[in-house]
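Data first, discussion second: the structure below is written as structure tokens.
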Amino acid sequence: MGFSLTSTHLIFFITAISLAGIVSGIFISVTMNISNEFSKKGQSLADEINIDFQIINDPDNIPETSGYYIFYIKNTGENKIVTDNETFQIFIDGNLISKSKYYLTPDHIYPYEVAEIHVDNSTISSGTHKLKAVGPYGISDTFIFTI
Amino acid sequence: MGFSTIGATLIIGISIIAMLSIFSTEILPVVFDINDSYRDLENRILEKSQTSINITNVTLSNVGGNLLLNVTVKNTGSVSLNTSDFSILVNGTKKSFTATKSVIHPEKEAIFTITVSSSGSKRIKVITYNGVADYAEYGG
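Each protein sequence line maps, in turn, to chains A and B.
Counting from 1, one number per residue, gives the positions in the first sequence under my numbering.
Counting from 1001, one number per residue, gives the positions in the second sequence under my numbering.
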């Protein structure tokens, strides 16, 4: 009877400790997952807030060189912007321009620096058009110009 | 039963402390980063609303065979402007320039000098660091 009582207590003890350990493990694991996701999302939000750019062309004088119209984008935010045709999508009058029809130079700009978007002149006819440049995190600027 | 309760409470207590520690080390810095970013955004919007420039004069001179376009820009806003952060377009093309001052304080002027290849009419756009701009035309 005495041995039986001790065994029962021992089983209760082991069960309680095991359950507490499992619950603690789950809590810590869930907390770590939530923290990691929140951290990533938060950093992404902070980066998004810090990114801003503006198309600064003279709308009546779009320069053309070697078959490409040149549009200037100025980094007016706080962070470096990667400028290539993976991070930037170009729309002319609402139509997405194929990546093969434009390129950007240089490949990144720091705050207050200017990058050039070279758009194949076959994609833009004469007349008034609307260019929309969509950059990192979906930040965009729209510019109305006349060729 | 008493030991079981104490042991389980101790384990759960330690795990709660660990959770709080993870939360504070992972999440608080991000919250501070977001807060800083919003403060920067607020400052950018405020500075943009307080930035204004006016091109007050444009002249073309020939110095030693070089055609120099001199563009006088007045800071009509209430924010000091670094001239190195300006961009200047002449007939739509971005040009490099020199400036007589590194900073234009409110109500002060600086002269920007740009080398051009020909005389004739010029359309000039001067853009500040935050995208505020002014236009001028030179008749040639």
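C-beta: ideal position from N, C-alpha, C; glycine also.
Classification of residue i by the beta-carbon crowding that lies within 10 angstroms, buried from 16 upward
i	result
Gln950 of chain B	There is no way to answer for residue 950 of chain B, as the model of chain B reaches only from 1001 to 1140.
Ile51 of chain A	buried
Tyr102 of chain A	buried
Ile144 of chain A	exposed
Asp107 of chain A	exposed
Val1071 of chain B	buried
Asp58 of chain A	buried
Lys40 of chain A	exposed
Residues that residue i bridges to, as DSSP identifies them
i	result
Asn1054 of chain B	B:Lys1074
Ile1114 of chain B	B:Leu1069
Asp1134 of chain B	B:Val1126
Phe53 of chain A	A:Asn75
Ile70 of chain A	A:His118
Inter-residue CB distance, residue i and residue j (contact presumed, cutoff 8 Å)
i	j	result
Phe13 of chain A	Gly1007 of chain B	7 Å
Ala115 of chain A	Thr65 of chain A	That belief does not hold up - the Cβ atoms of Ala115 of chain A and Thr65 of chain A are roughly 15 Å apart, past 8 Å.
His118 of chain A	Tyr68 of chain A	4 Å
CB contact below 8 Å: residue i versus chain A
i	result
Asp1085 of chain B	yes
Ala1060 of chain B	Sequence check: residue 1060 of chain B is Leu here, not Ala. No, because no Cβ of chain A sits closer than 8 Å to the Cβ of Leu1060 of chain B.
Leu1028 of chain B	no
Tyr1129 of chain B	yes
Residue-level contact to chain B via CB, residue i, 8 Å cutoff
i	result
Ala134 of chain A	According to the sequence shown, residue 134 of chain A is Val rather than Ala. False, the Cβ-Cβ gap to chain B never drops below 8 Å.
Ser7 of chain A	no
Asp58 of chain A	yes
Ser39 of chain A	yes
Gly42 of chain A	yes
Original post:
In the segment 1096–1123 of chain B, which residues sit with their C-beta less than 7 Å from some C-beta in chain A, listed in chain order?
Top reply: Arg1123
Subject >> Short-range partners of chain B found in the segment 91–103 of chain A, where Cβ spacing is below 8 Å >> reply: none
Original post:
When Cβ atoms are compared, which residues of the segment 1031–1044 of chain B fall closer than 8 Å to chain A?
Top reply: Val1031, Asp1033, Ile1034, Asp1036, Ser1037, Tyr1038, Asp1040, Leu1041, Arg1044
Original post:
Looking at chain B, which residues of the segment 112–126 of chain A have a Cβ within less than 7 Å of any of its Cβ atoms?
Top reply: Tyr112, Val114
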